[in-house]
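Asker:
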Amino acid sequence: MPEMQAPERIAPQRLGDYLEIMSKVVFQSGMSYKIVESKWPGTKEAFHGFDAAEVAAMPPAEIDRLAEDTRVIRNRRKLESVVSNAQRMVELDAEHGSFQNYLRSHADFPSQVKDLRKQFKFLGDMGCYYYLYVVGEEVPPHEEWMASLKK
């Protein structure tokens, strides 16, 4: 069996980079990675290139249209969560001076994960780990983190 590759890490340059990765985590929850990847160009276009302010301002009627749009994964709750998550991300970015400052305001990794789960929709423990890893935050070794979840 081939060894799993670690996902590519990025250095977010704008709030939208954080939102795009978080949104990908949301859509990957309970879904085939290949399906999410195949729909991602259309999803990115539908969500205005993940411009956080634009996504945060999307009205319910736009989500209604997306729920019928074959370019995206048409799960209404996940579509709505992208908008909700963008709204909260914009607020936290303003409160902390940057979203990276918010992410780094936690005492340790478990409290960081706990707060992310509280602040954002469709983020579980593994989604938070993946998200933080990809956006370049410090995470414990994967095996160590998995063992801590079983306790």
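Those letters in the sequence shown? Residues -16 to 134, per this note's numbering, in order. Note that beta-carbon positions come from the ideal geometry of N, C-alpha and C, so glycine has one too.
1) Thinking F92 and V122 are a contact (beta carbons under 8 Å), I'd like their distance in whole angstroms, please.
2) Out of curiosity, what's the CA-to-CA distance linking E37 and A90?
3) DSSP three-state call for N84: helix, strand or coil?
4) Buried or exposed: which applies to L132, given that a residue is buried once 16 or more other Cβ atoms fall within 10 Å of its Cβ?
5) Among I46, L49, D34, V55, which has the Cα closest to the Cα of E20?
6) Can you tell me where the alpha helix (DSSP H) with H79 in it begins and where it stops?
7) Count the other CB atoms, across all protein chains shown, that sit within 10 Å of the CB of G110; report buried if there are 16 or more and exposed otherwise.
8) Count the C-beta pairs between the segment 50 to 68 and the segment 20 to 30 that are closer than 8 Å, then say yes if the count reaches three, no if not.
9) Spatial neighbours of V65 within its chain, please: CB distance less than 7 Å, with the 5 preceding and 5 following residues excluded, ordered by chain position.
10) In chain order, what residues of the same chain have a beta carbon less than 7 Å from the beta carbon of Y1, not counting five sequence neighbours either side?
11) From S67 to K104, what does the alpha carbon distance come to, in whole angstroms?
12) In this structure, how does DSSP classify Q(-4) when only helix, strand and coil are distinguished?
Answerer: So, from the listed chains and residues:
1) In the sequence shown, the residue the question calls residue 92 occupies position 109. In the sequence shown, the residue the question calls residue 122 occupies position 139. The pair is a contact, with the Cβ atoms about 6 Å apart (cut-off 8 Å).
2) Residue numbering aside, residue 37 sits at position 54 when the sequence shown is read from its first letter. Residue numbering aside, residue 90 sits at position 107 when the sequence shown is read from its first letter. Using only the alpha carbons, I get a separation of about 31 Å.
3) Within the sequence shown, the letter at position 101 stands for residue 84. Note: N84 maps to helix in three-state DSSP.
4) Within the sequence shown, residue 132 is the residue found at index 149, counting from 1. By the 10 Å Cβ count, L132 comes out exposed.
5) Position 37 of the sequence shown, counted from the start, is the residue given in the question as residue 20. When each option's Cα is compared against that of E20, the closest is V55.
6) Taking the sequence shown and counting its residues from 1, one reaches residue 79 at position 96. Residues 59 to 79.
7) Reading the sequence shown from its first residue, position 127 is the one you call residue 110. Buried.
8) yes
9) Against the sequence shown, residue 65 aligns to sequence position 82. Around V65: S6, V9, F30, V38.
10) As a working mapping, residue 1 is identified with position 18 in the sequence shown. Cβ within range, chain order: P(-5), M72, F82, V118.
11) The count along the sequence shown starts at 1 and reaches residue 67 at position 84. The count along the sequence shown starts at 1 and reaches residue 104 at position 121. Computed Cα separation, rounded: 8 Å.
12) On the sequence shown, position 13 is the one that residue -4 refers to. Coil.
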